[in-house]
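Counting from 1 along the sequence shown, just add 3 to a position and that's the residue number in the numbering used here. Every residue, glycine too, gets a C-beta built ideally from N, C-alpha and C. Some notes on the structure that comes next.
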Amino acid sequence: MTSIRNEIRLLRYYAVGMTLFAGIVLLGAVHEAAKVASFDTITVHRIDVIDREGKLAMVITDHDDMPPPIVNGKTLQRHGGANANGVIFYNQRGDEQGGLIWEGQRYPNRTYESDNALSFDTVNTDQLIHVEDGNDSGRTYSEVIGWNQPDYNTPGFLNLIEEADHLKTRARVRAFLQAHPNFGSRTRFLLGYDRSNTSQVMLADDEGHPRIKMFVTADGDAHLQFLDAGGRVVAEYPEAH
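What follows is the structure, given as structure tokens:
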């Protein structure tokens, strides 16, 4: 009898051991499946890619779920592209550092508009280069723009951004920019064509004053102009008559 009891006890231990082993194997398989998965189709409104510390690395989103910008760890209000579909890029600090957005609408009055833009920020500034094209009810445009931007790390700069977010009229915006002349961006160059179908190249100085303009109008009228800091044409080819 003792021998039979011992065999039964061993069988129980064996059964428990095999159950534990099977459970460990199953948990390991589930863990591996959670790390690597393959799908044919995923239907989502937004995908947040995060790093190991939980900070955003990239967001793929529809126009209803566009995230607000994050600058120096602070969430601000988004203006341009707030209702677009897009991909937003973030750096290792978790701050926004550029993005790709696109949007298009047709309206009951038969007008329509679309816009596509790709921009790149830096770790301390807003976008320095911007590529964009669009269609405004048949008036198309396409451009590459480069800017100088103020440093976000300037003391009090984020407070100025929040103050600017609450400006409701153009008069208040003009007054704000006059009081804080170093707040805004300064265009350094532009290459493209505008809604009037005029192709152009513009080069500006450090203050954003256009100094060289080269353009060709839709009817083929070509000009090269040199300007002073006040915007006055000091030389032109062909010369104006």
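| Query | Result |
| --- | --- |
| With distances taken from CA atoms, which of TYR155, LYS216, LEU163 and SER199 is nearest GLN100? | TYR155 |
| If you check the beta carbons only, do GLY195 and GLU146 fall under 8 angstroms apart? | yes |
| Do ILE73 and GLY89 count as a contact pair if the criterion is CB distance below 8 angstroms? | no |
| Across which residues does DSSP place THR64 in a beta bridge pair? | ARG49 and GLY89 |
| Candidates ASN185, ILE215 and ASP222: which alpha carbon is nearest ASN200's? | ASP222 |
| Give the DSSP-derived three-state secondary structure of ARG126 in the structure shown. | The sequence given here places Val at residue 126; Arg does not occur at that position. Correct three-state label for VAL126: coil. |
| Taking its Cβ as the centre, do 16 or more other Cβ atoms sit within 10 Å of GLN130, making it buried, or is it exposed? | buried |
| Are PRO213 and LEU230 touching if we call contact CB-CB under 8 angstroms? | yes |
| Kindly provide the ranges of any alpha helix (DSSP H) runs that are 4 or more residues long and lie completely inside the stretch 129-178, ordered along the chain. | 160-168 |
| Find out if the Cβ-Cβ distance for the pair ASP65, ARG81 is shorter than 8 angstroms. | no |
| If you drop the 5 nearest sequence neighbours on each side, which residues of the same chain put their C-beta closer than 7 angstroms to that of ALA60? | VAL52, ILE53, ASP54 and TYR93 |
| By a C-beta neighbour count over all protein chains shown, 10 Å radius and 16 as the cutoff for buried, is ASP124 buried or exposed? | buried |
| If I measure Cβ to Cβ from THR114 and keep anything under 8 angstroms in the same chain, skipping five residues before and after, which residues do I get? | SER140 |
| Please classify LEU79: does DSSP put it in a helix, a strand, or coil? | coil |
| Hey, GLY149 and PHE192: beta-carbon distance below 8 angstroms or not? | yes |
| Figure out for me which residue from VAL126, SER122 and ASN138 has the closest Cα to the Cα of ILE132. | SER122 |
| Name the DSSP bridge partner or partners of THR190? | TRP150 |
| Run through DSSP, which three-state label would GLU58 get? | Reading off the sequence, residue 58 comes out as Lys, not Glu. The answer is coil: DSSP assigns LYS58 none of H, G, I, E or B. |
| State the DSSP-derived secondary structure class of GLN181, mapped to helix, strand or coil. | helix |
| Suppose you measure from the CA of ARG175 to the CA of THR46; what does that come to, to the nearest Å? | 44 angstroms |
| Alpha carbons only, please: which of PRO153, ASN119, LYS77 and VAL126 is nearest the one belonging to ASN138? | ASN119 |
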